[in-house]
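Below is one structure, written out as structure tokens; comments come after it.
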Amino acid sequence: MPASITAKPKSLTADVLFEPFKLKSLSMQNRIVMAPMTRVFSPGGVPKSNVADYYRRRAAGEVGLILSEGTVIDRPASKNEEAIPFFHGEEALSGWKQVIEGVHQAGGKMGPQIWHTGSTRGQRGWEPDQPVESPSGLVGPGDPRGNPMTDEDVTDAIAAYAKAAGEAKRLGFDMVEIHGAHGYLIDQFFWSGTNMRDDRWGGATLRERSRFAAEVVSAVRREVGADFPIALRVSQWKQQDYKVRLAETPEAMTEWLLPLVEAGADMLHCSQRRFWEPEFPDVDGTDGLNFAGWVKKLTGTTTISVGSVGLSGDFFGAFGGKSSQPTDLDELVRRMEREEFDLIAVGRAILADPNWVAKIQGIDRDPRIDFSPEAFAELV
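Count along the sequence shown starting at 1, add 16, and that's the number in the working numbering.
Structural data, given as structure tokens:
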């Protein structure tokens, strides 16, 4: 784990983080991405000016690409917290139009993360007024909640993802990310513990269970056209079980993810708890490629890495009430210099400090800010 900063930070050449990046119609001034982080500040699903200002400050702070908090598609019970924003409906979309206009005025680039929370439970006890849906009516192995999706439900959900992505392009966003990780709906199709279906949306193999995600990506691609970048966020771990691994070998990972690239995903956003941990140490050692590194090697596509960048401790500790202090970026720079992955997403550090990127670059000379869990309760 990177060492905590206990004195004046040592000199560090972070030039690799500030190389420009281009993918199709997206041009970024640097390789740093603001990770999507649920904020629940949109009552009734509608983002207001405080949300727009929050993202505009990150654009002004030199973030290369902002990924929004998860925004839900037009399906019944598609969110698990009341104040998660919609990405459908005139009022919510007008709010998102205000967001992207502010980001562009500040010189930034942004994509919404479109999402369906499946049968997962929220953290605040809120319940939707309609039954939740998932592949097999399970929130985890042996844990029933809500209704199994009919074939019509599945088809309608695919169409809802595509419609949301089309709205993103229409509103002027620079790309779109599909949330397919962390035990939410798409990931519940991947996971054998929650996908017990015996139709074409299930199956014994990971490739078979990836069909739903591939159809979502294909539908989004048809909706947005060839030049609009599509990212897909994936993870091994689930919020229902942090130790779950969908792919235990590189071969299994290829079977899982290559069809999604072939379906039209331009970037895979590879979520892991700590970016410096090797994905398959039994294959390439304890200094081996991380999750994003292996995905890039196996699929040949652009990858975004993420996981406890620039802070001590990981985000699970933050949810448990633990603060984190700034750490050096030597390991990140080393991995990016060897081109292990293309972009790096930063979560809590940018959530707490809109000028984090400018400080790393040296534009802003103020010290970096510690992360406190209290930051979740406000839009800094």
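Quick reminder that beta carbons are idealized off the backbone N, C-alpha and C, glycines included.
Please read these numbers as outputs of a predicted model, since none were measured by experiment.
For residue i, the first and last residue of its enclosing alpha helix (DSSP H)
| i | result |
| --- | --- |
| LYS312 | 307 to 315 |
| TRP272 | 266 to 279 |
| ALA75 | 65 to 76 |
| PHE202 | Note that residue 202 is Ile in the sequence shown here, rather than Phe. Here the alpha helix (DSSP H) through ILE202 covers 201 to 206. |
| THR133 | Segment: none, THR133 is in no alpha helix (DSSP H) and carries neither H nor E. |
| ALA108 | 106 to 121 |
| ARG223 | 222 to 225 |
| PRO147 | It is not in any alpha helix (DSSP H) - PRO147 carries neither H nor E in the DSSP assignment. |
First and last residue of the uninterrupted beta strand (DSSP E) at residue i
| i | result |
| --- | --- |
| GLU385 | Just to set this straight, residue 385 is Ile in the shown sequence, not Glu. It is not in any beta strand (DSSP E) - ILE385 carries neither H nor E in the DSSP assignment. |
| TRP217 | It is not in any beta strand (DSSP E) - TRP217 carries neither H nor E in the DSSP assignment. |
| VAL322 | 318 to 322 |
| LEU395 | Here LEU395 belongs to no beta strand (DSSP E), and DSSP marks it neither H nor E. |
| LEU154 | 154 to 156 |
| MET50 | 48 to 50 |
| GLU193 | 192 to 195 |
| THR87 | 81 to 88 |
| VAL362 | 359 to 362 |
| ARG249 | 246 to 251 |
Where residue i falls, given that 16 or more other Cβ within 10 Å makes a residue buried
| i | result |
| --- | --- |
| GLY61 | buried |
| GLY316 | exposed |
| GLY127 | buried |
| PRO92 | exposed |
| ALA242 | exposed |
| LYS38 | exposed |
| GLN146 | exposed |
| GLN204 | buried |
| ARG72 | buried |
| PRO342 | buried |
| ARG384 | buried |
| ALA220 | exposed |
Neighbourhood of residue i by C-beta, 7 Å cutoff - its chain only, sequence neighbours within 5 removed
| i | result |
| --- | --- |
| ALA374 | GLY77, GLU78, ASP380 |
| LEU367 | MET53, ALA391 |
| TYR70 | LEU395 |
| VAL299 | PRO266 |
| GLY378 | none |
| ALA334 | Only weak support is given to the placement of ALA334: the predicted model assigns it a pLDDT of 47, under 50, and the value that follows is read from those uncertain coordinates. Within the same chain, ALA334 has close Cβ partners SER340, ARG364, PHE387, PRO389. |
Close beta carbons around residue i, own chain, < 8 Å, minus the five adjacent residues each side
| i | result |
| --- | --- |
| LYS259 | TRP253 |
| VAL233 | ILE194, ILE246, LEU248, LEU276, ALA279, GLY280, ALA281 |
| THR54 | GLU85, GLY86, GLU97, ILE100 |
| PRO36 | SER43, MET44, GLN45, ASN46 |
DSSP state of residue i mapped onto helix, strand, coil
| i | result |
| --- | --- |
| LYS259 | coil |
| SER43 | strand |
| ASP282 | coil |
| VAL62 | coil |
| GLY141 | coil |
| TRP372 | helix |
| ASP346 | helix |
| VAL236 | helix |
| ASP172 | helix |
| PHE291 | coil |
| MET53 | coil |
| LYS125 | coil |
| PRO164 | strand |
| LYS38 | strand |
| PHE102 | strand |
| LYS254 | strand |
| GLU183 | helix |
CB-CB length for residue i against residue j, believed under 8 Å
| i | j | result |
| --- | --- | --- |
| ILE194 | LEU248 | 5 Å |
| ILE116 | LEU187 | 6 Å |
| GLY323 | ARG290 | 5 Å |
Close-in-space but distant-in-sequence residues of the same chain around residue i (CB under 6 Å, 5 per side omitted)
| i | result |
| --- | --- |
| ALA230 | PRO275, LEU276, ALA279 |
is_contact[residue i, chain C] using C-beta, thresh 9 Å
| i | result |
| --- | --- |
| TRP131 | In the structure shown, chain C cannot be found, because there is only a single protein chain. |
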